[in-house]
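Novice:
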Amino acid sequence: MSDVHPPSGNLLQDRIILITGAGDGIGRAAALASAAQGARVILLGRTQEKMEAVYDAIDALPDAPEAVIHPLDLESATEDHYRELADAIGDQFGRLDGLLHNASLLGNLTPLQYFPADRWASIMQVNVNAAFQLTRALLPILNLAGDARILFTSSSVGRKGRAYWGAYAVSKFATEGLMQVLADELADTSNIRVNSINPGATRTTMRAAAYPAEDPGSLPTPEDLMPAYLYLLGPESRQLHGQALNIRDLL
Ligand code: NDP
């Protein structure tokens with residue numbers, strides 16, 4: 000976790016951007032980087048203290064708009080929760096300019112034969128079903144924005160299956176499918192641009208859980224990726240739609 004202030008600017012000036020899993024890892028870095036570029040960031044996550052820490056870090060940035068904390072556990076959230084969230088954003092801001100689906104569960108790396116069914120269901124719920132439900136609830140206010148972005152977070156194991164990656168890998172394939180279906184539906188009917196991103200190996204808690212023997216110092220930090228995230232959330236990426244992108248290719 001870096002204490003270095005992200006570069007400030009006005010790339011995302013006046014944009015309202017919701018980030019899931021904003022309390023840690025890549026989501027935390029995206030929240031800070033977006034706020035530093037002028038966005039009003041809605042921090043969604045399940046651990047209140049982590050989001051408060053991100054809120055405070057944003058508050059300490061020069062000229063960054065105040066963040067909004069929205070606690071929500073994506074494993075247990077219901078239709079009512081998503082509707083209430085959409086209504087609250089609509090009432091307060093009148094639109095939503097960006098939605099970064101970033102929260103995910105990794106689970107254990109286990110052969111399919113031994114993969115616990117309840118764990119499978121939890122991972123699919125957080126990584127896929129919640130992204131669908133959240134997107135569905137927020138589409139009306141994303142359409143009100145005029146130039147909104149939806150980014151789904153995938154992984155290399157969501158593009159080519161790999162032994163033992165179980166529900167996580169399958170959930171990322173489903174994430175790609177969700178992105179493609181939505182992008183096709185919106186291509187000619189909306190100004191919302193929809194893509195998926197693979198951040199690549201990044202120095203976070205999730206990566207350390209998957210590769211405990213790896214030297215984290217050998218990996219890029221979440222902050223290193225932020226120029227690509229900002230580009231994809233900002234006005235310059237308008238021409239990208241329905242694509243499975245690699246963050247590293249954009250840096
Ligand atoms: P982290 O584990 O560091 O952060 C994940 C975030 O998701 C945390 O803030 C976590 O909250 C949140 N989250 C998990 N479950 C829930 C839930 N039920 N409800 C709400 N929030 C939840 O992961 P990364 O930053 O590494 O990963 C970010 C994204 O990038 C993920 O989609 C991941 O699959 C993807 N990715 C990461 C790679 C890497 O090398 N790091 C490589 C490829 C893809 P809490 O902190 O409270 O647990």
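Numbering that gives the first Met the number 0 applies: residue 0 is where the sequence shown begins, and numbers increase by one.
Just so you know, even glycine gets a beta-carbon here, dropped at the ideal spot from N, CA and C.
Between which two residues does the beta strand (DSSP E) carrying Thr152 extend?
Specialist: Taking the first residue of the sequence shown as position 1, residue 152 is located at position 153. Arg148 to Thr152 is the extent of the beta strand (DSSP E) around Thr152.
Novice: Could you tell me if Asn9 is buried or exposed, where buried requires 16 or more neighbouring beta carbons within 10 angstroms of its beta carbon?
Specialist: What you label residue 9 is simply residue 10 of the sequence shown in a count that begins at 1. Under this definition Asn9 is an exposed residue.
Novice: Please list, in chain order, all residues of the same chain as Ser1 whose beta carbon is under 7 Å from its beta carbon, the five residues on each side excluded.
Specialist: By 1-based counting over the sequence shown, the position of residue 1 is 2. Low confidence applies here, because Ser1 scores a pLDDT of 47, under 50, leaving its location unreliable; read the following figure in that light. Excluding sequence neighbours, Ser1 sits near Thr220 and Glu222.
Novice: Please report the distance separating the alpha-carbon of Ala87 from that of Ala34.
Specialist: The sequence position of residue 87 within the sequence shown is 88, counting from 1. The sequence position of residue 34 within the sequence shown is 35, counting from 1. Whole-angstrom Cα-Cα distance: 20 Å.
Novice: Which of helix, strand or coil does DSSP assign to Ala168?
Specialist: Counting from 1 along the sequence shown, the entry for residue 168 is found at position 169. In this structure, Ala168 counts as helix in the three-state DSSP scheme.
Novice: In angstroms with no decimal places, state the Cα-to-Cα distance between Arg192 and Leu71.
Specialist: Residue mapping note: residue 192 aligns to position 193 of the sequence shown, counting from 1. Residue mapping note: residue 71 aligns to position 72 of the sequence shown, counting from 1. Their backbone Cα atoms lie some 25 Å apart in a straight line.
Novice: Below 7 Å, is the gap between the Cβ of Leu73 and the nearest heavy atom of the ligand NDP?
Specialist: Mapped onto the sequence shown, residue 73 falls at position 74. Yes, the ligand NDP has a heavy atom inside 7 Å of this Cβ.
Novice: Closest by CA to Gln12, which one among Lys49, Gly26, Ala63 and Gly44?
Specialist: Working through the sequence shown from its first residue, we reach residue 12 at position 13. Of the candidates Lys49, Gly26, Ala63 and Gly44, the one whose C-alpha sits nearest the C-alpha of Gln12 is Ala63.
Novice: Report yes or no: do three or more beta-carbon pairs, one from the region 46 to 60 and one from the region 129 to 141, lie closer than 8 Å?
Specialist: Contact between the region 46 to 60 and the region 129 to 141 is absent, because fewer than three Cβ pairs lie under 8 Å.
Novice: Distance check for Val156 and Ser195, CA to CA, integer angstroms please.
Specialist: Along the sequence shown, one-based indexing puts residue 195 at 196. Along the sequence shown, one-based indexing puts residue 156 at 157. Between Ser195 and Val156, the C-alpha separation is close to 13 Å.
Novice: If you run the structure through DSSP and keep just helix, strand and coil, what is Arg118?
Specialist: For this step, residue 118 is matched to residue 119 along the sequence shown. DSSP places Arg118 in helix when its eight states are reduced to three.
Novice: Under the three-state reduction of DSSP, which class applies to His80: helix, strand or coil?
Specialist: On the sequence shown, residue 80 is found 81 positions in, with the first residue counted as 1. It is helical.
Novice: If you draw a straight line from the C-alpha of Gly216 to the C-alpha of Thr46, how long is it?
Specialist: As a working mapping, residue 216 is identified with position 217 in the sequence shown. As a working mapping, residue 46 is identified with position 47 in the sequence shown. One C-alpha to the other measures close to 26 Å.
Novice: Below 8 Å between beta carbons: does that hold for Gly160 and Thr109?
Specialist: Taking the first residue of the sequence shown as position 1, residue 160 is located at position 161. Taking the first residue of the sequence shown as position 1, residue 109 is located at position 110. No, the Cβ-Cβ distance between Gly160 and Thr109 is not below 8 Å.
Novice: Between Leu206 and Leu224, how many whole angstroms is the CB-CB distance? I'm expecting something under 8 Å.
Specialist: Against the sequence shown, residue 206 aligns to sequence position 207. Against the sequence shown, residue 224 aligns to sequence position 225. Just to set this straight, residue 206 is Arg in the shown sequence, not Leu. The pair is not a contact, with the Cβ atoms about 12 Å apart (cut-off 8 Å).
Novice: Mind checking which residues open and close the beta strand (DSSP E) that includes Arg39?
Specialist: As a working mapping, residue 39 is identified with position 40 in the sequence shown. Here the beta strand (DSSP E) through Arg39 covers Arg39 to Gly44.
Novice: Decide if Thr77 is buried, meaning its Cβ has at least 16 other Cβ atoms within 10 Å, or exposed.
Specialist: By 1-based counting over the sequence shown, the position of residue 77 is 78. Exposed, since its Cβ has fewer than 16 Cβ neighbours within 10 Å.
Novice: Near Ala52, which residues of its chain fall below 6 Å by C-beta distance, leaving aside the five closest residues on each side in sequence?
Specialist: In the sequence shown, counting from the first residue as 1, residue 52 sits at position 53. Hits under 6 Å: none found.
Novice: Rounded to the nearest angstrom, what separates Arg118 and Asn126 at their Cα positions?
Specialist: Within the sequence shown, the letter at position 119 stands for residue 118. Within the sequence shown, the letter at position 127 stands for residue 126. So the alpha carbons of these two residues sit roughly 12 Å apart.
Novice: Taking only runs of the beta strand (DSSP E) that begin and end inside the region 161 to 241, which ones reach a length of at least 3 residues, in chain order?
Specialist: Within the region 161 to 241, the complete beta strand (DSSP E) runs of at least 3 residues are 192 to 197.
Novice: Output the distance between the C-alpha atoms of Ser170 and Arg82, rounded to the nearest integer angstrom.
Specialist: The residue labelled residue 170 in the question sits at position 171 within the sequence shown. The residue labelled residue 82 in the question sits at position 83 within the sequence shown. Going from the Cα of Ser170 to the Cα of Arg82 covers about 24 Å.
Novice: Can you tell me which of the three DSSP states Asn107 falls into?
Specialist: The residue you call residue 107 lines up with position 108 of the sequence shown. Three-state DSSP puts Asn107 in coil, outside helix and strand.
Novice: Are there 16 or more other CB atoms within 10 angstroms of the CB of Asp183, so buried, or fewer, so exposed?
Specialist: Your numbering for residue 183 matches position 184 in the sequence shown. It counts as exposed.
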